[in-house]
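Colleague: Heads up: the sequence shown at position 229 corresponds to 1193 in our numbering, and the numbers run straight through without jumps.
Below is a structure I'd like to ask you about.
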Amino acid sequence: MSEQTLAFIGGGNMAASLIGGLLAGNHDAQNIWVADPDRSKLDALHRRFGVNTTPDNLQAVQGAAIIVLAVKPQQLRSVVTGLKNVVSPSHPLWLTIAAGIRTSDLEAWLGGGTVPIVRAMPNTPALVQAGATALFANPHTNSDQRQAAESVLRAVGLTLWLNDESLMEVVTALSGSGPAYFFLVMEAMEKAAIDLGLESNTARLLTLETAFGAAKMALESEEGCASLRQRVTSPGGTTERAIVTLEEANIREAFARALQAARDRTRELAQELGNKHA
């Protein structure tokens, strides 16, 4: 993996995070190319990481073993159709982190045939090397390419593989959109504490550290979240009364409906942006 050339099409925050993780894992900066129309982004990436940069997608992908598609989903079709004839003889691995675009649509845009594609769904905590990414490989992707794709995403956090691409819709609803759910919960807890008399800075720090500590406990424990919750909920105590209040507000149903809504929107976007017959 350390000797393979990677081309990033798109030089935004997620690309920068992946590049930083790769370099921390001793990948050679000279084997990384980044293409983006924004010169200021390219200059910043070159200064920060020492990678090769260009505004020309075609220049970036020359000789690349892995092409990382880090553009917005709405831009993906035009990007890949502009590259397919140039790179098709070398059969690089296409690694897409564009949300909602199915591998079958990407295959069609690339002209069909045996195109190796890995679809990844990282989330924003990847920006601080604490991401959670699910990956799916199409049948044309070999074991070495799967390992290479995993290495790229593992540089910024946890990775796991899915055998059913349709489950990417659930992953998007859970971990892809999930950070925003937790930000909302923290936002609500912080405001409630301020309304009850805490200074804003105190409320913020206690909220954030509590969230971090709870997640760390859950990660390091062999017990499930339900057991951990029960262990800190003493009968007749303050936590129990708070939990009862949340349950009475149907918090579980609210989260179930939220994830279903996000999953359904993912399906809608896939239909809107995909075109298998292009």
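Every residue gets a Cβ at the ideal spot worked out from N, C-alpha and C, and that includes glycine.
Quick caveat, the model's predicted, so the values are computed rather than measured.
On a Cα-Cα basis, can you pick out the residue from L986, I1061, R1231 and A1218 that is closest to V1149?
Modeller: Checking every option, the nearest Cα to that of V1149 belongs to A1218.
Colleague: Go ahead and pull the three-state DSSP assignment for N1021.
Modeller: It is helical.
Colleague: What alpha helix (DSSP H) runs, 4 residues minimum, are completely inside the region 1084–1132?
Modeller: For the region 1084–1132, whole alpha helix (DSSP H) runs of length 4 or above, ordered along the chain, are 1107–1118.
Colleague: Can you give the beta carbon distance from A1098 to L1124, rounded, assuming they're within the 8 angstroms contact cut?
Modeller: About 6 angstroms separates the two Cβ atoms, so the contact holds.
Colleague: May I ask you to report which of helix, strand or coil DSSP gives T1230?
Modeller: If DSSP states are grouped into helix, strand and coil, T1230 belongs with the helices.
Colleague: Is the beta carbon of Q1038 closer than 9 angstroms to that of L1210?
Modeller: Cβ atoms of L1210 and Q1038: not closer than 9 angstroms.
Colleague: Report the start-end ranges of each beta strand (DSSP E) in the region 995–1049 that is 3 residues or longer and not cut off at the edges.
Modeller: DSSP runs (the beta strand (DSSP E)) wholly in the region 995–1049: 996–999, 1016–1018 and 1030–1033.
Colleague: Just tell me which of E1186, L1162, A971 and S1191 has its CA closest to the CA of T1060.
Modeller: Ranking E1186, L1162, A971 and S1191 by Cα distance to T1060 puts A971 first.
Colleague: Unbroken alpha helix (DSSP H) runs of length 4 or more, entirely within the region 1135–1213: which are they?
Modeller: Listed in chain order, the complete alpha helix (DSSP H) runs (minimum 4 residues) inside the region 1135–1213 are 1142–1159, 1164–1184, 1189–1195 and 1202–1212.
Colleague: In whole angstroms, what is the alpha-carbon distance linking D1228 and K1036?
Modeller: Whole-angstrom Cα-Cα distance: 19 angstroms.
Colleague: Between R1216, N1087, D1069 and T1088, which has its C-alpha nearest V1079's C-alpha?
Modeller: Taking only the C-alpha atoms, the option nearest V1079 is D1069.
Colleague: Start and end of the beta strand (DSSP E) containing T1060?
Modeller: Residues L1057 to T1060.
Colleague: Tell me where the beta strand (DSSP E) around I973 begins and ends.
Modeller: That run of the beta strand (DSSP E) goes L970 to I973.
Colleague: Pull up the distance between the alpha-carbon of D1002 and that of T1017, whole angstroms please.
Modeller: Each residue's Cα considered, the two are about 11 angstroms apart.
Colleague: Assign A1242 to buried or exposed, taking buried as 16 or more other Cβ atoms, counted over all protein chains shown, within 10 Å of its Cβ.
Modeller: Low per-residue confidence applies at A1242: pLDDT is 44, beneath 50, and the placement is therefore not dependable enough to give any value.
Colleague: Whole angstroms is fine: what's the gap from A1029's alpha carbon to Q1109's?
Modeller: Computed Cα separation, rounded: 9 angstroms.
Colleague: Give me the residue from P1103, P1143, F1147 and L1162 with the minimum Cα distance to L1126.
Modeller: Nearest option by C-alpha distance: P1103.
Colleague: Which same chain residues, not among the five before or five after T1105, have their C-beta less than 8 angstroms away from its C-beta?
Modeller: So the qualifying residues of the chain are L1057, P1080, I1081, V1082 and A1113.
Colleague: Here's the rule: buried if 16 or more other CB atoms are within 10 angstroms of the residue's CB, otherwise exposed. What is L1160?
Modeller: Looking at its Cβ environment, which holds fewer than 16 other Cβ atoms inside 10 Å, L1160 is exposed.
Colleague: For L982 versus V1116, is the C-beta spacing smaller than 9 angstroms?
Modeller: Cβ atoms of L982 and V1116: closer than 9 angstroms.
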